[in-house]
Each structure stands twice: as structure tokens, then as C-alpha cells.
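Here is the structure we will look at, set down as C-alpha cells.
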């Protein structure tokens, strides 16, 4: 359906997206804008972020505003400034999508992990979300042993933070949820896994022929940010092709070709 004819599910809403300069954040910014939201991208990659905003603004399918602000999610003042910028520029803030995150070097032996690197990952993935009071979660928050110790710990922490925050903020009409993708074909994931685009789907999915794309995570975020999910809070929406429920080492049925 043509963008101008489709239902604009975020019409009149204002969204702040951290880590919106590339990957899932960029796809979400583009999708939110197409659905009528005014978008503020917050990132540390200034050139990329400004380029995305310019492209969204020049798109014929986008009738909404898009702007950029520099934001390091480990710094509370940066997040406060981003929120204030959204409110000052657009008059309000309806959706805060804390998408910013990172991964660390693979060190399977926990004894090889140093404190400084562990704290760095937590400061971005967990503390950054805490400062924003809403979060994007990965499947590593559901299962263990699928990534590094620091990364997995940060994602499990996010799940608990999301649930507690949802309980506290519900009385104010504020919903808090998580989106849990896994092995999305983003530059960060491909660099970390050292895989080409076509190598992600077969290894990290339980659905034949389905390859998880950034747009899939963006669609999940769109649902949670829209009024269609008005009664959904404290929920972890898993978007992983069934990966989290599969034990590759055990099957009573075997594998069919």
C-alpha cells in the first residue's frame, strides 16, 4: 500500500529514538516517520544521524518532522538534553525507544573478562536504558550462553528493569515494554558475528526461509508505540524466528531435509 494511503498508526505522536543513526534504530526512525510520528534521533554518530534525518525529511512518503541530537546514553545530562529537545521542538514526548546498545569482545571464559569492560557494556546497555526509563532488549535476556557474559548480563538486567518500571509507571498511564530481536542483519551484528547477510538466517532462526531484518524489529516497536497496544505493558515481545525456544542439541523428531 502506498505510504500516503496507509493508516498512519503514530499520527500526531512524538518519538525519541536512541541509537537511531543506523541498524534497528534507523529502520525504526524511518518507519515511525512514515506512520506520522515526529522523530528525534539521538546518537553519538553525528554524521550518520544527521544524514538519516535529512533523508527522512526529503522523502516524499514522510509528512512528519525528523531532527537529530547528539546523545551519549551513559551520560544522564545527554539524555536529559535529548528529552528536553524533543519537548521544546515538538511540544511533547509520547514514545521513548531506548535502542542504543553495544557488544564486547568474545571471551567465553569468565575469568578472562576484566571489570572495566564489563562495566562499560553495562553502562551502555543497562544504565543507558535506566536513564531513559524504557528499553530495547535482546533475546540474550531470555536465554543464557548465547553471547558474552557482560552482554548477556546487561540484557537480563534490562528485563527486570522493564518489569519494575512498568509496575511503577502504570499509575501514570505510561507503558513500558521490551522488543527482543536476535541476530538482526545490522552492521553491528555482522561485524560481531563475522557473517554475511545470508549467513544469519540459517544459524539464528527456527523458521525456514525467514531471515530477521531490522525492519522486523522496527515493526514490533511500531506496534508497542501505537495505540493498538494500549493495554500492553510489562511485556517482552520476542522477535527471533523461534530461536529462543529451540535447543539445537535435542530433538525427538530429528531433522528433515
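Residue numbers (the numbering used here): 3 to 259. Just so you know, even glycine gets a beta-carbon here, dropped at the ideal spot from N, CA and C. Because the structure is a prediction, the values reported are computed rather than measured.
Just so you know, the alpha carbons of residue 220 and residue 13 end up roughly 16 Å apart.
Within a 10 Å sphere around the beta-carbon of residue 18 sit 16 or more other beta-carbons, which makes this residue buried. Per DSSP, the unbroken alpha helix (DSSP H) holding residue 226 starts and ends at 216-227. For residue 48, the enclosing alpha helix (DSSP H) covers residues 48-60. Judged by DSSP secondary structure, residue 92 falls within the alpha helix (DSSP H) whose first and last residues are 78-92. By the Cβ neighbour-count rule, residue 40 is buried, with 16 or more other Cβ atoms within 10 Å of its own.
Residue pairing by DSSP places residue 70 opposite 43 in a beta bridge. In chain order, 231 place their CB closer than 7 Å to the CB of residue 225, counting only its own chain and leaving out the 5 sequence neighbours on each side.
Relative to the Cα of residue 215, the nearest Cα in the group 167, 100, 119 and 29 belongs to 29.
In this structure, the alpha-carbon of residue 238 lies about 10 Å from that of residue 160. In this structure, residue 172 lies away from residue 228, with their beta-carbon atoms at least 9 Å apart. In the same chain as residue 132, and ignoring 5 residues on each side of it, the C-beta atoms closer than 7 Å to its own belong to 163, in chain order.
No residue range can be given for residue 231, since it is assigned to no alpha helix (DSSP H) and is classified by DSSP as neither H nor E. Distance from the CA atom of residue 32 to the CA atom of residue 170, rounded to whole angstroms, is 31 Å. It is roughly 14 Å from the alpha-carbon of residue 174 to the alpha-carbon of residue 166. Secondary structure note for residue 133: its alpha helix (DSSP H) is the uninterrupted segment 130-134.
Closest in alpha carbon position to residue 52, among 73, 36 and 37, is 73. Taking residue 154 as reference, the option from 123, 134 and 240 with the minimal CA-CA separation is 123. Beta-bridge pairing by DSSP links residue 240 to 182. For residue 98, the beta-bridge partners assigned by DSSP are 18. Look at residue 208 here: in three-state DSSP terms it is coil, with no helix or strand label. Residue 48 counts as exposed, since fewer than 16 other beta carbons sit within 10 angstroms of its beta carbon.
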